Amino acid sequence: MKKAIILLSGGLDSVVAMGFPQNEYKIEMALTFNYGQKAVENEIKAAANICEFYGVPHKVIELDWLRDISHTSLVSSKKDIPISNLGTVESAKAVWIPNRNGLFLNIAAAFADSFDYDYILYGGNKEEGETFPDNTEEFRGQISKVFETSTLNKPKVIAPLINYTKNDIVKIAQENNMPINLIWSCYNSGKYHCGVCESCCHLKNALKVNHIEARIKFEK
Ligand SMILES: [Zn+2]
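Quick note: the sequence shown uses our numbering, first residue 27, plus one each step.
Here is the structure:
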């Protein structure tokens with residue numbers, strides 16, 4: 027059995043990538059990043075609960091400097107997270123963190139190189155790929171190629187959900203009894219998902235399509 031490491035924010039996509047049915051590899055480490063995002067406490071708690079559920083060791087990586095160079099509403103206390111009424115390009119810009127997936131995958135590749143993990147998993151998917159360039163199959167293939175020369179053990183980057191939309195992803199979670207009630211997908215902090223940010227709106231819609239709205243509580 028091959029060994030894998032996963033980027034786990036604790037949101038829908040990374041959680042379903044973690045629980046995705048397969049028998050090729052065993053996930054031996056999950057990484058969650060603290061870059062000062064507003065939802066960081068909820069994300070770390072969600073990721074820790076998911077790791078406990080699946081029996082996977084969990085590590086939080088602190089990236090203070092990334093917070094300092096990120097100016098968008100995902101991090102900045104001076105800007106509110108926009109409510110979901112923007113076009114996709116504007117939405118992406120409003121919550122963009124510089125080179126986030128490129129950076130996180132490189133950190134995971136350092137772990138892979140050191141502990142000989144064969145695969146690096148992340149939650150890249152079709153829907154986010156339409157908004158964020160670091161969620162596309164092109165990006166996945168290219169960064170995987172880079173690791174063939176930047177590491178000794180040449181880990182492959184896998185995005186199990188790359189061809190799936192949010193509706194499909196919720197369906198996969200449901201069909202495989204994943205603990206969807208434990209996730210945190212909201213860009214904001216708070217007791218419950220805000221229900222109005224871009225991420226919440228996509229999630230809410232996908233839950234509705236799959237007739238499981240009640241699995242997650244929203245403020246609005
Ligand atoms: Zn939200």
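Positions of the beta carbon are idealized from the N, C-alpha and C atoms, including for glycine.
A quick note: this is a predicted structure, and the numbers were derived from the prediction, not measured.
| query | Does the Cβ-Cβ distance between Leu-208 and Asn-75 come in under 8 Å? | reply | As a working mapping, residue 208 is identified with position 182 in the sequence shown. As a working mapping, residue 75 is identified with position 49 in the sequence shown. Contact flag set, yes.
| Is there at least one non-hydrogen atom of ligand 1 closer than 7 Å to the beta-carbon of Ser-225? | Translated into the one-based positions of the sequence shown, residue 225 becomes position 199. Ser-225: yes, Cβ under 7 Å from ligand 1.
| Cβ-based neighbour list, Asn-193, same chain, cut-off 6 Å, excluding 5 preceding and 5 following | Taking the first residue of the sequence shown as 1, we reach residue 193 at position 167. Excluding residues within five positions, the ones whose Cβ falls inside 6 Å are Ala-232, Val-235.
| Run of the beta strand (DSSP E) containing Ile-146, from where it starts to where it stops | Here residue 146 refers to the residue found at position 120 of the sequence shown. Its beta strand (DSSP E) spans residues 145-147.
| query | Are the segment 79-90 and the segment 154-167 touching, with three or more C-beta to C-beta distances below 8 Å? | reply | no
| message | I want to know whether the segment 180-190 touches the segment 208-220 - three or more CB-CB distances under 8 Å. | response | no
| task | Report all residues from its chain with a CB closer than 8 Å to the CB of Gly-37; omit the five preceding and five following residues, and keep chain order. | result | Along the sequence shown, read from residue 1 onward, the residue named residue 37 stands at position 11. Here the set comprises Glu-69, Ala-72, Gly-149, Ile-209, Trp-210, Ser-211, Ser-225.
| field | Where the beta strand (DSSP E) through Glu-67 begins and ends | value | Position 41 of the sequence shown, counting from 1, holds the residue named residue 67. Note, Glu-67: premise wrong, no beta strand (DSSP E); alpha helix (DSSP H) at 66-80.
| said: If you measure between the beta carbons of Leu-92 and Val-121, is that distance less than 8 Å? | reply: Walking along the sequence shown from the start, residue 92 turns up at place 66. Walking along the sequence shown from the start, residue 121 turns up at place 95. No, Cβ-Cβ distance for Leu-92 and Val-121 is not below 8 Å.
| Heavy atom of ligand 1 within 7 Å of Val-82 beta-carbon | On the sequence shown, residue 82 is found 56 positions in, with the first residue counted as 1. Incorrect: Val-82 has no Cβ contact closer than 7 Å to ligand 1.
| 3-residue-minimum beta strand (DSSP E) runs that sit fully inside the segment 190-220, ordered along the chain | none
| query | How is His-97 classed by DSSP in three states: helix, strand or coil? | reply | As a position in the sequence shown, residue 97 is number 71, starting the count at 1. Correct three-state label for His-97: coil.
| task | Please report how far the alpha carbon of Phe-158 lies from the alpha carbon of Ala-118, in whole angstroms. | result | Sequence index remark: in the sequence shown, residue 158 carries index 132 (1-based). Sequence index remark: in the sequence shown, residue 118 carries index 92 (1-based). Looking at the two C-alpha atoms, the distance is approximately 6 Å.
| field | Residues bridged to Asn-231 [DSSP beta-bridge criterion] | value | For the purposes of this step, residue 231 is taken as the residue at position 205 of the sequence shown. DSSP lists no partner for Asn-231.
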